[in-house]
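Input: a single structure, listed below in structure tokens.
2 protein chains.
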Amino acid sequence: MPKKEAIAITTPHVAGDEDIGEIRNIVGFHIRLAHGAVYRHFTETFADLDLTQKQVSALWLVADHPEIAQTGLSQRMRMDRATTMAIVNRLEAKGYLVRRKSRSDRRKQALSLTEGGRRALSTAKRAIQQHEQWLKSRFSEREVTQLIELLSRIHE
Amino acid sequence: MPKKEAIAITTPHVAGDEDIGEIRNIVGFHIRLAHGAVYRHFTETFADLDLTQKQVSALWLVADHPEIAQTGLSQRMRMDRATTMAIVNRLEAKGYLVRRKSRSDRRKQALSLTEGGRRALSTAKRAIQQHEQWLKSRFSEREVTQLIELLSRIHE
DNA sequence: CGGTCTTTGTAAGCTATACTAACAATCTGA
DNA sequence: TCAGATTGTTAGTATAGCTTACAAAGACCG
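Chains as they are written, first to last, in our numbering: chain Y, 502 to 657; chain A, 502 to 657.
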């Protein structure tokens, strides 16, 4: 395995700025950094599985909502239809899910997992568990609840 | 202005899953959603300025750390060198910063803002203020501090 | 009923981000 | 001195997110 380049971990204190103070007081900046860190660890954890965050989320949501339409998926993942398409396409190409015309509304495509998709999701969930463990290990249970609550206020 | 497609805001409660419970209990999922929401609002706020989150962060960091090298920037932004290159290239193309060979270590490129870069950053900081206002409006001051503290544990 | 507006999926094209691999120039330390 | 590390760079890949445009189907209203 080729040596991976380490991404450094230093952000020393620094003289502030007149107008809105230091960049480290910007909530958005911390969200970006945290997201990046989570993204990176996720990618490592899932290196062998060939699945991205979004793809796992999509599989999971389809499993939880059988016959969901692509629009429904977009809404739950907060993405537009075009981006959702791209993700569904990739999952379909991998053979993890299928589109079937909905009979109640023939504009819609009802999504459902294939057997392979169900297996992939099972494996993915085990990997997620590891990933979540890494993420949660730095918090108490109360803090986890709190963090989720605070984050929910942003995206809900 | 063309009508923008709304990204929906519904995530109703749903039957759980046997192994690790519902997706809504996954911290990583919430971070992704929150990041997405922040990203989207940022993009709206900065539509006229033609600057992305990363680009603003980079400008800001260069302003705070005159003569910083690209590696230093990578470290502070938690990105690899190649990705940093791309961002610095774009900012250089916009005329917001320049590379100059460092004399202390001639491998390095010392980055510094141009006059245009300083102006752009000033404008950007005002926009950031608005953006942060939107973000912080849902929290008390104490909660903001707490959120930053929790997020820092993830990325530090 | 018919016409109009909306919803849904789709395709094409653009940009930014993030990564790897490889290379050259330079620095560092044994 | 010379082997190894650091730094910037280029090239190539994949993903994500967006816009615009279009067709098919549904919903609504007079």
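Cβ coordinates follow ideal geometry from the N, Cα and C atoms, glycine included.
Using a cut-off of 7 angstroms between C-beta atoms, extract the partners of residue i located in chain A.
{"i": "Trp535(Y)", "result": "What sits at residue 535(Y) in the sequence shown is Ala, not Trp. Neighbours of Ala535(Y) on chain A, chain order: Ile532, Leu652, Ile655, His656."}
{"i": "Leu648(Y)", "result": "Val528, Leu651"}
If distances are taken between C-alpha atoms only, which option among the options comes closest to residue i?
{"i": "Val589(Y)", "options": "Ile569(Y), Glu644(Y), Glu633(Y)", "result": "Ile569(Y)"}
{"i": "Lys555(Y)", "options": "Ser575(Y), Ala538(Y), Pro567(Y)", "result": "Ser575(Y)"}
{"i": "Ala611(Y)", "options": "Thr553(Y), Pro567(Y), His542(Y), Glu657(Y)", "result": "Pro567(Y)"}
{"i": "Phe543(Y)", "options": "Ile629(Y), Leu651(Y), Glu616(Y)", "result": "Ile629(Y)"}
{"i": "Leu562(A)", "options": "Ser613(A), Ile655(A), Arg601(A), Arg582(A)", "result": "Ser613(A)"}
{"i": "Arg619(A)", "options": "Arg533(A), His632(A), Thr646(A), Asp565(A)", "result": "Asp565(A)"}
{"i": "Gly617(Y)", "options": "Gln634(Y), Glu593(Y), Gln647(Y)", "result": "Glu593(Y)"}
{"i": "Ile655(Y)", "options": "Arg541(A), Arg643(A), Tyr597(A)", "result": "Arg541(A)"}
{"i": "Arg600(A)", "options": "Leu622(A), Glu650(A), Gln571(A)", "result": "Gln571(A)"}
{"i": "Leu598(A)", "options": "Arg577(A), Asp581(A), Ala621(A)", "result": "Ala621(A)"}
{"i": "Ala587(A)", "options": "Thr553(A), Glu633(A), Ile532(A)", "result": "Thr553(A)"}
{"i": "Gln631(Y)", "options": "Thr546(Y), Asp581(Y), Val539(Y), Ile527(Y)", "result": "Thr546(Y)"}
{"i": "Ser558(Y)", "options": "Ser558(A), Ser641(A), Ala583(A), Ile532(A)", "result": "Ile532(A)"}
Could you give the C-beta distance for residue i and residue j, rounded to a whole number, given that I count them as a contact under 8 angstroms?
{"i": "Gly529(A)", "j": "Leu636(Y)", "result": "6 angstroms"}
{"i": "Thr624(A)", "j": "Leu560(A)", "result": "No, Thr624(A) and Leu560(A) are not in contact; Cβ-Cβ is about 11 angstroms, not under 8 angstroms."}
{"i": "Lys609(Y)", "j": "Ser603(Y)", "result": "4 angstroms"}
{"i": "Ala535(A)", "j": "Leu652(Y)", "result": "4 angstroms"}
{"i": "Ile527(Y)", "j": "Glu633(A)", "result": "6 angstroms"}
Below 8 angstroms on C-beta distance, what does residue i contact in chain A?
{"i": "Val589(Y)", "result": "Correct list: empty, because the minimum Cβ distance to chain A is about 17 angstroms."}
What does the Cβ neighbour count give for residue i, buried or exposed, with the cut at 16 atoms within 10 Å?
{"i": "Pro513(Y)", "result": "Legend: pLDDT at Pro513(Y) = 36, less than 50; position of this residue unreliable, value from coordinates given subsequently. So Pro513(Y) ends up on the exposed side."}
{"i": "Lys626(A)", "result": "buried"}
{"i": "Pro573(Y)", "result": "Here residue 573(Y) is Gly; the residue named in the question, Pro, does not match the sequence. Under this definition Gly573(Y) is a buried residue."}
{"i": "Arg579(A)", "result": "buried"}
{"i": "Arg639(Y)", "result": "exposed"}
{"i": "Glu650(A)", "result": "exposed"}
{"i": "Glu642(A)", "result": "exposed"}
{"i": "Arg577(Y)", "result": "buried"}
{"i": "Thr646(A)", "result": "exposed"}
{"i": "Leu648(Y)", "result": "buried"}
Residues of chain Y with CB closer than 9 angstroms to the CB of residue i, please, in chain order.
{"i": "Asp606(A)", "result": "Ordered by position in chain Y, no residue passes the 9 angstroms Cβ test against Asp606(A), which lies about 17 angstroms from the chain."}
In chain Y, what lies closer than 7 angstroms to residue i by C-beta?
{"i": "Gly529(A)", "result": "Val539, Phe543, His632, Glu633, Leu636"}
Since residue i meets chain Y, which of its residues come closer than 8 angstroms, beta carbon to beta carbon?
{"i": "Glu644(A)", "result": "Leu651"}
{"i": "Arg600(A)", "result": "Correct list: empty, because the minimum Cβ distance to chain Y is about 20 angstroms."}
Return the residues of the segment 624 to 641 of chain A that lie within a Cβ-Cβ distance of less than 9 angstroms from chain Y, sorted by chain order.
Lys626, Arg627, Ile629, Gln630, His632, Glu633, Leu636, Lys637, Arg639, Phe640
Members of the segment 539 to 558 of chain A near chain Y, C-beta cut-off 7 angstroms
Val539, Phe543, Gln554, Ser558
Taking any Cβ of chain Y, which residues in the segment 558 to 577 of chain A have a Cβ under 8 angstroms from it, in chain order?
Ser558, Trp561, Leu562, Ala564, Asp565, His566, Ser575, Gln576, Arg577
Near-chain Y residues of the segment 612 to 624 of chain A (beta-carbon distance less than 8 angstroms), N- to C-terminal order
Ser623
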